[in-house]
Amino acid sequence: MTLVPERHAWRPESIVGDRVVLRRHRAENLKAFMRWYSDPEIARLTRYQQGPLSPDEIQRFFHGRIMGADFLAMGIHVRDTDRLIGSCAFSQLDGDNGSTLYHITIGERDSWGQGFGSEATELMVDHAFTQLALHRVALTVFQFNARAIRAYEKCGFKIEGRARDAIYRDGRFWDEIHMSILADEWEARQAQG
Ligand SMILES: CC(C)(COP(=O)(O)OP(=O)(O)OC[C@H]1O[C@@H](n2cnc3c(N)ncnc32)[C@H](O)[C@@H]1OP(=O)(O)O)[C@@H](O)C(=O)NCCC(=O)NCCS
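Structural data, given as structure tokens:
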């Protein structure tokens with residue numbers, strides 16, 4: 002299997018939804034990444050390691066991965082205002098097996114729980130199946146991250162397994178939950194409307 006080779010289809014300038022627009026990241030977005038990834042609560046929800054990334058690590062993450070060739074990363078903007086509130090991405094794009102790993106962080110805490118994350122995820126999953134012709138989108142999430150699990154379930158992701166006690170946080174062990182959605186499941190959801 003070959004990923005769609007056309008650059009504009011593979012890494013679009015923007016993907017427009019009802020309430021969010023996904024846009025290619027620009028160099029100036031680093032400022033927002035610095036803020037988001039210094040936030041201890043973002044670190045608690047997303048990192049295996051204790052505590053946030055250092056400023057140097059955030060810069061390396063931004064330049065090496067977010068802006069890098071192997072990552073398909075998009076900024077999440079509120080459509081009405083164009084405010085940048087977060088970032089979503091595919092990593093480990095695997096053309097041989099038609100699969101990828103999905104990541105999302107809404108860094109602006111005041112934008113949590115308003116449906117932006119679910120819509121951004123749906124736009125990315127749709128892109129994966131309709132433009133990139135992938136077969137499977139997978140992700141991992143910590144057991145205690147109920148908001149994220151709910152958002153992923155709303156988009157059609159199913160729990161397919163768990164790495165038991167893989168993360169120690171807030172004084173106890175939690176599972177790392179593995180979720181995925183397959184192309185035919187996405188098509189069936191679209192057909193249902
Ligand atoms: C996870 C994240 C992307 C979800 O996006 P979001 O815009 O906040 O989520 P949505 O509003 O689309 O959906 C959240 C759902 O979870 C529900 N929810 C919120 N808090 C909850 C909780 N504590 N327990 C259970 N459900 C909860 C909401 O009610 C909503 O479901 P509903 O529409 O059925 O009512 C976003 O919150 C985020 O980036 N958080 C910080 C970083 C993070 O956790 N990233 C994911 C790492 S795997």
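According to our numbering, the sequence shown is numbered sequentially starting from 2. All C-beta atoms in this analysis are idealised placements derived from N, C-alpha and C, irrespective of residue type, glycine included.
- Around the CB of T47, 16 or more other CB atoms lie within 10 Å, so the residue is classed as buried.
- With at least 16 other beta carbons inside 10 angstroms of its own, Y153 counts as buried.
- The nearest non-hydrogen atom of ligand 1 is 7 Å or more from the C-beta of Q60.
- Taking C-beta separations shorter than 8 Å and ignoring five residues to either side along the sequence, the partners of R137 in its chain run N98, G99, S100, T101, S181, I182, L183, A184, following chain order.
- Closest by C-alpha distance to P56, out of L94, I105, S39, is S39.
- Under the three-state reduction of DSSP, R137 is assigned to strand.
- For the set A139, Q132, M68, F117, the Cα lying nearest the Cα of R84 is the one of F117.
- Within the segment 101-139, complete alpha helix (DSSP H) segments of at least 4 residues are found at 117-127, given in chain order.
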